[in-house]
Amino acid sequence: MTLAMRLPPERAAAAASVLGRAFAKDPGFRWALPDDEKRATQLSWLAERLLRIATLLNGHVDALDEQPSAVALWVPVEKPWEEPLRMLFRAGLFAAPFTLGLTAVRRLTVMAAPMTLMHRAFAPIPHDYLMQLAVEPREQGRGLGSALLKEGLERSERAGRAVWLETTNQRNVAFYERHGFVVKGRRSLPNDVTLVGMLREP
Ligand SMILES: CC(C)(COP(=O)(O)OP(=O)(O)OC[C@H]1O[C@@H](n2cnc3c(N)ncnc32)[C@H](O)[C@@H]1OP(=O)(O)O)[C@@H](O)C(=O)NCCC(=O)NCCS
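Residue numbers (the numbering used here): 30 to 231.
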């Protein structure tokens, strides 16, 4: 039974809000965006740009319902991963210093560097990149994240493609291992944050 749907474009802002609320307690983003009051809004702003990037890169923005209660951003990667500058520009990320502040941008860049290095080192070409997966906080722990992830993984599996992701939340490692991912690398970030890169072979 298919549960997931493609997110209707007019629901992008609602999906970005879910992503912002869901990642507000993420260890990496707590360091990068230290203002507790502003973090969810800042993350929503970032997520809206990531949604645009996923669309520009012919990826999938999956949702469980129109609300949406759960969102997943998938991007097909056909050559060694690099931050696609033109895409970032078109997605509006160059406004980040004005919207998020210079400290946040510097810290996000510190996080992004080992992400890109691990991604390039460990993910085979081609593969699918699970850029974001999030469930509305009050709905977490009820199987929604697993259901949405499973459908995306089945799509990659049918296409014979590996899947790559990163997380800074150690609780997520066991979650993804249950879905067939293997830890390929760990990198230390400031503030005792550990970035984990995980791969799932088809
Ligand atoms: C990680 C996430 C997508 C899982 O979706 P979910 O619907 O909450 O999870 P499910 O009910 O399908 O599975 C439960 C498992 O998810 C993991 N999990 C991670 N964070 C969780 C949270 N805040 N609440 C509940 N489960 C969580 C645990 O492994 C949990 O199993 P456990 O209870 O035995 O520890 C969701 O909790 C979330 O959005 N977290 C915040 C954003 C995030 O970290 N996304 C992944 C980034 S790579």
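Heads up, the beta-carbon is just placed ideally off N, CA and C, and yes, glycines get one too. Predicted, not measured: the structure shown is a model, and the values here were computed from it.
Taking 6 Å as the limit, tell me which residues put their C-beta closer than that to any heavy atom of ligand 1, in chain order. Spelled out in chain order, the answer is 51, 52, 55, 162, 163, 164, 169, 170, 171, 172, 173, 174, 175, 194, 196, 198, 200, 201, 203 and 204.
Whole-number beta carbon distance between residue 191 and residue 153, since they are thought to touch under 8 Å: Numbered from its first residue, the sequence shown carries residue 153 at position 124. Numbered from its first residue, the sequence shown carries residue 191 at position 162. In this structure residue 153 touches residue 191 by the C-beta definition: roughly 5 Å separates them, less than 8 Å.
Member of 52, 218 and 159 whose CA lies at the smallest distance from the CA of residue 183: Position 154 of the sequence shown holds residue 183. The shortest CA-to-CA distance from residue 183 to any of 52, 218 and 159 is the one to 159.
Starting from residue 214, trace the beta strand (DSSP E) both ways and give me its first and last residue. Walking along the sequence shown from the start, residue 214 turns up at place 185. Where residue 214 is concerned, the enclosing beta strand (DSSP E) stretches over 211 to 218.
Among 115, 177 and 225, whose alpha-carbon lies nearest the alpha-carbon of residue 101? Counted from its first residue, the sequence shown places residue 101 at position 72. Nearest Cα to residue 101 within the set 115, 177 and 225: 177.
If you check the beta carbons only, do residue 136 and residue 193 fall under 8 Å apart? For the purposes of this step, residue 136 is identified with residue 107 of the sequence shown, where counting begins at 1. For the purposes of this step, residue 193 is identified with residue 164 of the sequence shown, where counting begins at 1. Judged by their CB atoms, residue 136 and residue 193 are not nearer to each other than the 8 Å cut-off.
Across the stretch 199 to 208 and the stretch 115 to 134, are there enough close Cβ pairs to call them in contact, namely three or more that are closer than 8 Å? Contact fails: fewer than three Cβ-Cβ distances are below 8 Å.
If we ignore side chains and look at the alpha-carbon of each, how far apart do residue 65 and residue 75 end up? Working through the sequence shown from its first residue, we reach residue 65 at position 36. Working through the sequence shown from its first residue, we reach residue 75 at position 46. Taking the straight line from one Cα to the other gives about 16 Å.
Exposed unless 16 or more other CB atoms sit within 10 angstroms - verdict on residue 88: By 1-based counting over the sequence shown, the position of residue 88 is 59. With 16 or more other Cβ atoms within 10 Å, it is buried.
Between residue 150 and residue 207, what straight-line distance do the alpha-carbon atoms span, to the nearest angstrom? Reading the sequence shown from its first residue, position 121 is the one you call residue 150. Reading the sequence shown from its first residue, position 178 is the one you call residue 207. Each residue's Cα considered, the two are about 23 Å apart.
Work out the CA separation of residue 162 and residue 172 for me, nearest whole Å. Looking up residue 172 in the sequence shown gives position 143. Looking up residue 162 in the sequence shown gives position 133. Residue 172 and residue 162 have their C-alpha atoms some 13 Å from each other.
My output table needs one value for residue 57: the three-state DSSP class, helix, strand or coil. To locate residue 57, count along the sequence shown from 1; it is residue 28. It is helical.
So, with DSSP's three-state summary, where would you put residue 231? Along the sequence shown, read from residue 1 onward, the residue named residue 231 stands at position 202. Here residue 231 sits in coil by DSSP.
Contacts around residue 69, its chain only, beta-carbon distance under 6 Å, and the 5 residues preceding and following it disregarded: By 1-based counting over the sequence shown, the position of residue 69 is 40. Cβ-Cβ distances below 6 Å link residue 69 to 49, 50 and 53 in the same chain, with the five nearest sequence neighbours on each side left out; the list follows chain order.
Buried or exposed (CB count within 10 angstroms, at least 16 for buried), residue 97: Here residue 97 refers to the residue found at position 68 when the sequence shown is read from its first residue. Buried is the call here.
Does the beta-carbon distance from residue 181 to residue 103 come in below 8 Å? Residue numbering aside, residue 181 sits at position 152 when the sequence shown is read from its first letter. Residue numbering aside, residue 103 sits at position 74 when the sequence shown is read from its first letter. In contact: residue 181 and residue 103 (Cβ atoms closer than 8 Å).
Any idea what DSSP makes of residue 184, helix, strand or coil? Reading the sequence shown from its first residue, position 155 is the one you call residue 184. In the three-state reduction of the DSSP assignment, residue 184 falls in the helix class, which pools H, G and I.
Do residue 93 and residue 42 have their CB atoms nearer than 8 Å? Position 64 of the sequence shown, counted from the start, is the residue given in the question as residue 93. Position 13 of the sequence shown, counted from the start, is the residue given in the question as residue 42. In this structure, residue 42 does not lie closer than 8 Å to residue 93 by Cβ.
Just how far apart, CA to CA, sit residue 195 and residue 186? Position 166 of the sequence shown, counted from the first residue, corresponds to residue 195. Position 157 of the sequence shown, counted from the first residue, corresponds to residue 186. Computed Cα separation, rounded: 19 Å.
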